[in-house]
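**Student:** In this text, residue positions in the sequence shown follow the UniProt record's numbering: the first is 1, and each later residue adds one.
Yeah, the Cβ is synthetic: ideal placement off N, Cα and C, and Gly gets one too.
Please read these numbers as outputs of a predicted model, since none were measured by experiment.
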Amino acid sequence: MHTCIRRCAPMPARLPNRCLLWVWRLCCALLACVIIGMTVVTFDVGLGRALLPVRRPFSEPNVHECGFVNIVSYNVQSFPSWAQSAIYAPNDDRIEHIAGTDVLRAPHVDVVVLQEAFSTPTATRLTRDLSAMGFKHITKPGRRSLLLSGGVLVATRTDVVREASQAFRRCCGTDCLSFKGFTFVETRIDGRSVGIVGTHLQSDDPLCASWSTTTYEQARRIRQDQIRQIRQFVDRDENAHLDVVILAGDMNVNRRQAASTERGSNPDEWAEMVHVLEAAPMVLETDGALTDHSVDPDTNAYLRRLGGHAHEHLDYVLSLRVNGRSGPPRATSLRVRTARHPTTNRDLSDHHPVHGRVPL
Numbered sequence: 001m002h003t004c005i006r007r008c009a010p011m012p013a014r015l016p017n018r019c020l021l022w023v024w025r026l027c028c029a030l031l032a033c034v035i036i037g038m039t040v041v042t043f044d045v046g047l048g049r050a051l052l053p054v055r056r057p058f059s060e061p062n063v064h065e066c067g068f069v070n071i072v073s074y075n076v077q078s079f080p081s082w083a084q085s086a087i088y089a090p091n092d093d094r095i096e097h098i099a100g101t102d103v104l105r106a107p108h109v110d111v112v113v114l115q116e117a118f119s120t121p122t123a124t125r126l127t128r129d130l131s132a133m134g135f136k137h138i139t140k141p142g143r144r145s146l147l148l149s150g151g152v153l154v155a156t157r158t159d160v161v162r163e164a165s166q167a168f169r170r171c172c173g174t175d176c177l178s179f180k181g182f183t184f185v186e187t188r189i190d191g192r193s194v195g196i197v198g199t200h201l202q203s204d205d206p207l208c209a210s211w212s213t214t215t216y217e218q219a220r221r222i223r224q225d226q227i228r229q230i231r232q233f234v235d236r237d238e239n240a241h242l243d244v245v246i247l248a249g250d251m252n253v254n255r256r257q258a259a260s261t262e263r264g265s266n267p268d269e270w271a272e273m274v275h276v277l278e279a280a281p282m283v284l285e286t287d288g289a290l291t292d293h294s295v296d297p298d299t300n301a302y303l304r305r306l307g308g309h310a311h312e313h314l315d316y317v318l319s320l321r322v323n324g325r326s327g328p329p330r331a332t333s334l335r336v337r338t339a340r341h342p343t344t345n346r347d348l349s350d351h352h353p354v355h356g357r358v359p360l
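Below, the structure is given as structure tokens:
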């Protein structure tokens, strides 16, 4: 007993040092929590390596613009890695920065519609990032065909009352490898029922050509059918109560007549689309804008790298007449924006995002 007492006797003298050690450990742990809370460490499973910490997408508190719906539409051009790496720039260093771009972080943006989110990791990453930015509801990218999903995501800051999706009846070329169609959500903004339709129409794929028709002729016929399918959906009785219906996405219809001539298309396709959809007039704002084309190799280095040369405007936000309403919807405004890498300043996709402002 005496030996034990002698060994324990010095303990009180060492206690202050141990207390200091525990205080130091506690401070280090708190500091680590702060650092981890500000950054996210992602792990690339395919490469089996940890990536550098990436700042979480940051968004100012939402400041809704009363009387309007502000929508961003962006074709993010992301295929599964086996196709993306072989043909385009890899996904990883692009997709992780999309939600952090100024156009998506803008506090007044109510809805985001993304196209070509064909890669499952891309859709998962964008869904997580948009959710962290305050978007309450984000749809899944549509049903999956043999290889690809529909690729369309719709994100809203307000709660969704109803959601639906529909695949297009027809397709041609490589578009048939995906499940292209449209996604619909109903939400309430400023006390009004608002329907959002996100879509991605048939592309001018060279494989659409046949012995009797050109690529453009066949693709245009299919787009016409897809546009009619969207209008038929809007005209359903269950949508008659909506106050506003907004269509956003990559329509693959070129509004720019000069550019239409470059690819041998007919500028009347734009007028025909607006007529069939019963869409309001659209004002393309160019004052202070970098470009008035959503696809522009002069202002998009990513597109130049892919060999693109045509100047086209293919991406839109349109307000459609609601079934049963006699008057047309009010005119919308559209502005082409940019989305670039925060370090290299390179464009993140072959399309520029567009920002539409739709009156309620």
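Within this structure, are the beta carbons of Thr332 and Arg304 separated by less than 9 angstroms?
**Tutor:** It is not a contact, given that the beta carbons lie outside the stated cut-off.
**Student:** DSSP three-state label for Glu272, please.
**Tutor:** Under the three-state reduction of DSSP output, Glu272 falls in the helix class.
**Student:** Pop quiz: Leu334 and Glu285 are said to be a contact at Cβ under 8 angstroms. What is the actual Cβ separation, rounded to whole angstroms?
**Tutor:** 7 angstroms
**Student:** Between Leu242 and chain E, is the shortest Cβ-Cβ distance under 9 angstroms, so that the two count as touching?
**Tutor:** Reference to chain E is not applicable here, since this structure consists of a single protein chain.
**Student:** Rounded to a whole number of angstroms, what is the C-alpha to C-alpha distance between Lys136 and Ser210?
**Tutor:** 45 angstroms
**Student:** Should Ser165 and Phe184 be called a contact, given that it needs their Cβ atoms to be closer than 9 angstroms?
**Tutor:** Using a Cβ distance threshold of 9 angstroms, Ser165 and Phe184 count as a contacting pair.
**Student:** Do you know whose CA, among Leu104, His275, Val322 and Gln229, lies nearest Leu242's CA?
**Tutor:** Val322
**Student:** So Thr127 and Ala339 are in contact, right, with Cβ under 8 angstroms, and what is the actual spacing, rounded?
**Tutor:** Contact doesn't hold; Cβ gap of about 18 angstroms is too wide.
**Student:** Assuming residue 364 contacts Asp315 under a Cβ cut-off of 8 angstroms, what Cβ separation, rounded to an integer in Å, is found between them?
**Tutor:** No answer is possible for residue 364: it lies beyond the span of the chain, which begins at 1 and ends at 360.
**Student:** According to DSSP, is Thr122 helix, strand or coil?
**Tutor:** helix
**Student:** Terminal residues of the continuous beta strand (DSSP E) containing Leu320?
**Tutor:** Asp315 to Leu320
**Student:** Looking at Phe182: is its Cβ nearer than 9 angstroms to the Cβ of Gly198?
**Tutor:** Result yes, Cβ atoms of Phe182 and Gly198 sit closer than 9 angstroms.
**Student:** Just to check my reading of the structure: residue 382 and Asn300 have Cβ atoms closer than 8 angstroms, yes? What is that Cβ distance to the nearest angstrom?
**Tutor:** No answer is possible for residue 382: it lies beyond the span of the chain, which begins at 1 and ends at 360.
**Student:** If you count every other CB in all the chains shown that lies within 10 Å of the CB of Ser212, and 16 or more means buried, which is it?
**Tutor:** exposed
**Student:** Write down the C-beta distance between Val63 and Arg337 rounded to the nearest angstrom, noting that I regard them as a contact closer than 8 angstroms.
**Tutor:** About 18 angstroms; that fails the 8 angstroms criterion.
**Student:** To which residues of the same chain is Pro141 closer than 7 angstroms at the C-beta, ignoring the five residues directly before and after it?
**Tutor:** Ala117, Ala123, Ser149, Gly150, Gly151, Val152 and Leu153
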